[in-house]
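One structure is given below, encoded as structure tokens.
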Amino acid sequence: MQKRIFGKTGWSVSEIGYGAWGIGKRWWGPTWDSRSLKALKRAFECGINFYDTALVYGEGHSERLIAKAFKKERQNLFIATKIPPKNKTWPAQDVPCQKSFPEDWILQCTEKSLKNLKTDTIDLQQLHVWSDRWTDAEEWKKGVDKLKRSGKIRAFGISINDHDPDSAIRIVESGMVDSVQVIFNLFDHSPAEKLFPLCQKTKTAVIVRVPLDEGGLSGKLTPGTRFHRNDFRSRYFAGERLLETCERVEGMKFLIRGEIKTMAQAALKFCLSFPAVTAVIPGMRRPEHVEENTAVSDGRYFTVEELREAKKHAWVRNFYKSAF
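Residue numbers (the working numbering): 23 to 346.
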């Protein structure tokens with residue numbers, strides 16, 4: 023497993039991390055804790071030391087599973103979680119910070135996560151949504167400052183609104199965050215335009231989420247795929263979206279070559295080919311997913327020519343607007 027430096031913190035984290043939304047028993051249809059625990063343990067065996075979760079993933083269930091899986095290994099891991107907006111609104115709306123992230127809410131949610139994770143310190147605490155109009159707000163700053171001074175968190179970051187990387191330009195320029203979490207994949211190249219260069223300049227770590235487009239870039243979906251009624255992807259890929267997704271993925275299979283055996287590996291390799299990216303966090307609910315995904319961390323990346331060709335297949339859209 024290749025490692026990368028996590029921005030200003032100096033941490034050495036695995037370039038393939040673990041996205042723990044899917045093991046939280048909500049939004050993805052039926053899940054089995056026994057299988058989730060096996061996947062988490064296999065991830066550690068394969069060299070993953072960065073795990074990203076959130077308080078709202080199953081109302082803390084995802085956090086508790088991570089704590090259960092790593093009773094002895096905690097000192098060798100970097101665990102990131104997130105604070106949900108108090109107004110329960112995703113993505114962030116144009117409202118005062120006080121409605122989404124007041125100081126007492128930040129402290130209260132962090133205490134819950136500390137309890138769920140059975141730890142005294144969270145490596146990375148994040149705000150689960152972000153609006154750049156909050157950059158100068160004192161509410162979140164006071165909360166984060168108290169958490170850092172008390173030793174309850176080591177670093178702080180934000181999770182950027184879906185497909186809107188430029189909404190974090192001001193906060194990254196300010197240098198007040200250690201990391202940003204952003205959607206970046208073979209369909210959405212937009213963070214590479216402004217956000218990535220700025221993050222490199224400010225030494226802000228970049229966590230890439232949705233690298234497989236909720237399974238769309240995995241190469242495993244077909245026009246006939248049917249999702250469980252409790253799986254949000256039944257709406258995300260509603261109508262003709264699934265068919266068009268599959269057709270577009272077919273056009274990118276030229277990226278499967280040599281050491282790259284699957285479309286999922288190609289999608290992850292694409293993200294890792296950008297030096298600004300610190301860690302990519304695909305969801306992995308099965309041990310075999312872990313093995314397939316971690317195999318791409320071999321120090322080899324796409325060439326400039328391959329990346330240029332891949333850019334021709336970018337697809338600007340936001341399916342989340344009607345999926346939740």
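Ideal placement from N, C-alpha and C gives every residue a C-beta, glycine not left out.
Identify which residue in the options has its Cα closest to the Cα of residue i.
i	options	result
P52	I27, R251, S344	R251
T75	Q97, K47, R64	K47
Q147	P187, F341, I105, P118	I105
S189	K283, A289, D116, E85	D116
P297	E133, Y323, K164	Y323
R96	P113, K333, D142	D142
I182	L139, I229, A301	I229
H185	V204, E266, W33	V204
K174	W156, K333, K137, S153	K137
K225	G179, V318, L294	G179
L169	L208, R308, W127	W127
V338	L208, L265, W156, D145	L208
I144	E133, P309, H150	E133
E81	P113, I45, W33	I45
H83	I70, W54, K94	W54
K90	L217, S56, Y79	S56
V151	P113, G273, A159	P113
A260	S344, K93, Q24	S344
I101	A227, V232, R176, E125	R176
A214	E125, F292, D158	F292
L290	R231, Q222, D253	R231
Give me whichever residues DSSP pairs with residue i in a beta bridge.
i	result
T103	Q147
W50	D253
V318	None, per the DSSP bridge assignment.
V166	Partner(s): none; V166 has no beta bridge.
R26	V35
G41	D74, G305
V204	V230
Run through DSSP, which three-state label would residue i get?
i	result
V117	coil
V194	helix
I278	coil
Y342	helix
F178	strand
I128	helix
V230	strand
A301	strand
S212	helix
V199	coil
Y323	coil
L239	coil
Y79	coil
K291	helix
R248	coil
N98	helix
C68	coil
H311	helix
D158	coil
K134	helix
D55	helix
E85	helix
S122	helix
Pop quiz: residue i and residue j are said to be a contact at Cβ under 8 Å. What is the actual Cβ separation, rounded to whole angstroms?
i	j	result
T360	L77	Outside the shown range of the chain, which is 23 to 346, sits residue 360, and nothing can be said about it.
I193	V199	6 Å
V318	L294	7 Å
G39	F66	With a Cβ gap of about 12 Å, G39 and F66 do not count as contacting.
L234	V271	So it is not a contact: roughly 10 Å between Cβ atoms.
E85	S135	6 Å
A354	R308	Given that the chain is displayed from residue 23 to residue 346, the structure contains no residue 354 and the question cannot be resolved.
F206	Y258	Wrong, their Cβ atoms sit about 17 Å apart, outside the cutoff.
G280	G41	Their Cβ separation, rounded to whole angstroms, is 26 Å, which puts G280 and G41 out of contact at 8 Å.
Y79	W50	About 10 Å; that fails the 8 Å criterion.
Determine the contact status of residue i and residue j, defining contact as a CB-CB distance below 8 Å.
i	j	result
E314	A286	yes
S196	G29	no
S58	L99	no
G165	L220	no
K108	S122	yes
C68	T316	yes
I278	A288	yes
T284	G246	no
A336	H211	yes
R248	E236	no
C131	W156	no
L243	L265	no
R26	V312	no
S36	M23	yes
M274	A332	yes
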